[in-house]
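Sequence order for the protein chains is A and B.
Quick note: the numbering used here has the first sequence finishing at residue 118, numbered continuously throughout.
Quick note: the numbering used here has the second sequence finishing at residue 280, numbered continuously throughout.
Note that the Cβ used here is the ideal one computed from N, Cα and C, for glycine as well.
Computed from a prediction, not measured in an experiment: that's the story for all the values here.
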Amino acid sequence: GQQVMQIPQYQHVQEGEDFTTYCNSSTTLSNIQWYKQRPGGHPVFLIQLVKSGEVKKQKRLTFQFGEAKKNSSLHITATQTTDVGTYFCAGPVYAGNNRKLIWGLGTSLAVNP
Amino acid sequence: EAGVVQSPRYKIIEKKQPVAFWCNPISGHNTLYWYRQNLGQGPELLIRYENEEAVDDSQLPKDRFSAERLKGVDSTLKIQPAELGDSAVYLCASSAAGVSYNEQFFGPGTRLTVL
Numbered sequence: 006g007q008q009v010m011q012i013p014q015y016q017h018v019q020e021g022e023d024f025t026t027y028c029n030s031s032t033t034l035s036n037i038q039w040y041k042q043r044p045g046g047h048p049v050f051l052i053q054l055v056k057s058g059e060v061k062k063q064k065r066l067t068f069q070f071g072e073a074k075k076n077s078s079l080h081i082t083a084t085q086t087t088d089v090g091t092y093f094c095a096g097p098v099y100a101g102n103n104r105k106l107i108w109g110l111g112t113s114l115a116v117n118p
Numbered sequence: 166e167a168g169v170v171q172s173p174r175y176k177i178i179e180k181k182q183p184v185a186f187w188c189n190p191i192s193g194h195n196t197l198y199w200y201r202q203n204l205g206q207g208p209e210l211l212i213r214y215e216n217e218e219a220v221d222d223s224q225l226p227k228d229r230f231s232a233e234r235l236k237g238v239d240s241t242l243k244i245q246p247a248e249l250g251d252s253a254v255y256l257c258a259s260s261a262a263g264v265s266y267n268e269q270f271f272g273p274g275t276r277l278t279v280l
């Protein structure tokens, strides 16, 4: 079936190092969303990318949507301890007559101070 | 503006008991979602409502799970009877009118433990 894969599953970095998580879909996506979930918290929307090749920045976070609209990446420059959490990508796919949001398994980021 | 409200925050029950979760979405959001999230995994959609209509319940285990959103505002998710494998966090989310799967706003979730 349609899947959204994320790698890596876990990443442990020293504060100040960069971090990247990658999201790959088995099918073309109309858009892709990124969410952040802090430990013990709930997912919080970060951004939505719609256009092929789109790049958006939020301070130290850079989001990219691939040209084929099948992959996406989130890059954090100079990580801080506040970046700790699990980052999920999610993309809407069609399943029969329904349009579903398929979530990746997430990348858990740990930051050593 | 209040966010998505869920109650209870935690629930511990024995297997075979019934349990219900309540969600009040952000005012004006006509799309409401119930998700289940197991430890270390992403949210899994159980049911999606557009106003009072359940437009996608294909992943809701209908033998034991039921949901309702009678007036198109708040919603209840019920499990009867609960099984050990139902232990998870149940998340409610809502999004604004228009295209479904716009930015979703999540509630704090209900952590269910079935003993």
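Open item on the list: Counting only C-beta atoms, is B:Glu179 closer than 8 Å to chain A at any point?
Closed with: No - not a single Cβ of chain A is within 8 Å of the one on B:Glu179.
- [ ] Could you run through the segment 84–111 of chain A and flag, in chain order, every residue whose CB is less than 8 Å away from some CB of chain B?
- [x] For the segment 84–111 of chain A, the set of residues with a beta-carbon nearer than 8 Å to any beta-carbon of chain B comprises Phe93, Ala95, Pro97, Ala100, Gly101, Asn103, Arg104, Lys105, Leu106, Trp108, Gly109, Leu110 and Gly111, in chain order.
Open item on the list: Run through chain B and tell me which residues come within less than 7 Å of A:His47, C-beta to C-beta.
Closed with: Leu256, Phe271, Gly272, Pro273 and Gly274, listed in chain order.
TODO: Compile a chain-ordered list of the residues in the segment 202–236 of chain B whose CB is closer than 7 Å to at least one CB of chain A.
DONE: Cβ contacts with chain A come from Gln206, Gly207, Pro208, Leu210, Asp221 and Ser223.
TODO: Report the neighbours of B:Glu248 on chain A: residues whose CB is nearer than 9 Å to its CB, in chain order.
DONE: Those within 9 Å of B:Glu248 in chain A number zero; the least Cβ separation is about 23 Å.
Open item on the list: Short of 8 Å in beta carbon distance, which residues of its chain neighbour A:Val18, apart from the five on each side in sequence? Order them along the chain.
Closed with: Phe24, Thr84, Leu114, Ala115, Val116 and Asn117.
- [ ] Assign A:Leu51 to one of three DSSP states: helix, strand, or coil.
- [x] Residue state, collapsed to three classes: strand.
TODO: Have a look at the DSSP bridge pairing and note the partners of A:Arg104.
DONE: Looking at the DSSP assignment, A:Arg104 forms a beta bridge with A:Tyr99.
- [ ] Tell me, to the nearest whole angstrom, how far the beta carbon of B:Glu268 is from that of A:Gln53; I am working on the premise that it is less than 8 Å.
- [x] Their Cβ separation, rounded to whole angstroms, is 6 Å, which keeps B:Glu268 and A:Gln53 in contact under 8 Å.
Task: For B:Arg201: DSSP bridge partner residues - done: Per DSSP, B:Glu209 and B:Tyr255.
Open item on the list: Give me the subset of the segment 46–68 of chain A whose CB atoms are less than 8 Å from a CB atom of chain B, sorted by chain position.
Closed with: For the segment 46–68 of chain A, the set of residues with a beta-carbon nearer than 8 Å to any beta-carbon of chain B comprises Gly46, His47, Pro48, Val49, Phe50 and Gln53, in chain order.
- [ ] Could you spell out where the beta strand (DSSP E) holding A:Asn117 opens and where it closes?
- [x] Per DSSP, the continuous beta strand (DSSP E) segment holding A:Asn117 begins and ends at Thr112 to Asn117.
Open item on the list: As a quick exercise: from A:Thr32, A:Gln38 and A:Lys75, pick the residue whose alpha carbon is nearest that of B:Leu270.
Closed with: The sequence shown places Phe at residue 270 of chain B, rather than the Leu named in the question. When the alpha-carbon of B:Phe270 is set against those of A:Thr32, A:Gln38 and A:Lys75, the nearest one is in A:Gln38.
- [ ] Could you check what DSSP says for B:Asp221 in three-state terms: helix, strand or coil?
- [x] Under the three-state reduction of DSSP output, B:Asp221 falls in the strand class.
Task: Reference A:Lys105; option with closest CA among B:Cys257, B:Tyr198 and B:Gly274 - done: By alpha-carbon distance to A:Lys105, the top candidate from B:Cys257, B:Tyr198 and B:Gly274 is B:Tyr198.
Task: Cβ neighbour criterion (16 or more within 10 Å) applied to A:Lys74 - done: By the neighbour-count rule (16 or more Cβ atoms within 10 Å), A:Lys74 is buried.
Open item on the list: Using beta carbons (cut-off 8 Å, strictly below), is B:Leu277 in contact with chain D?
Closed with: No chain D appears in this structure, whose protein chains are A and B.
Task: Whole-angstrom distance between A:Ala95 and B:Leu204, CA atom to CA atom - done: Cα to Cα, the separation comes out at about 17 Å.
Task: Straight-line gap, B:Lys243 to A:Thr67 (C-alpha atoms, nearest Å) - done: C-alpha of B:Lys243 to C-alpha of A:Thr67: approximately 40 Å in a straight line.
Open item on the list: Let me check one thing: in DSSP terms, what residues is B:Leu242 bridge-paired to?
Closed with: Per DSSP, B:Phe186 and B:Ala232.
Open item on the list: Taking the alpha carbon of B:Pro190 as the reference point, which residue from B:Leu210, B:Ser240 and B:Gln182 has its own alpha carbon closest?
Closed with: Ranking the options by Cα distance to B:Pro190, first place goes to B:Ser240.
- [ ] Hey, could you find the ends of the beta strand (DSSP E) B:Val170 is sitting in?
- [x] Residue range Val170 to Ser172 is occupied by the beta strand (DSSP E) that includes B:Val170.
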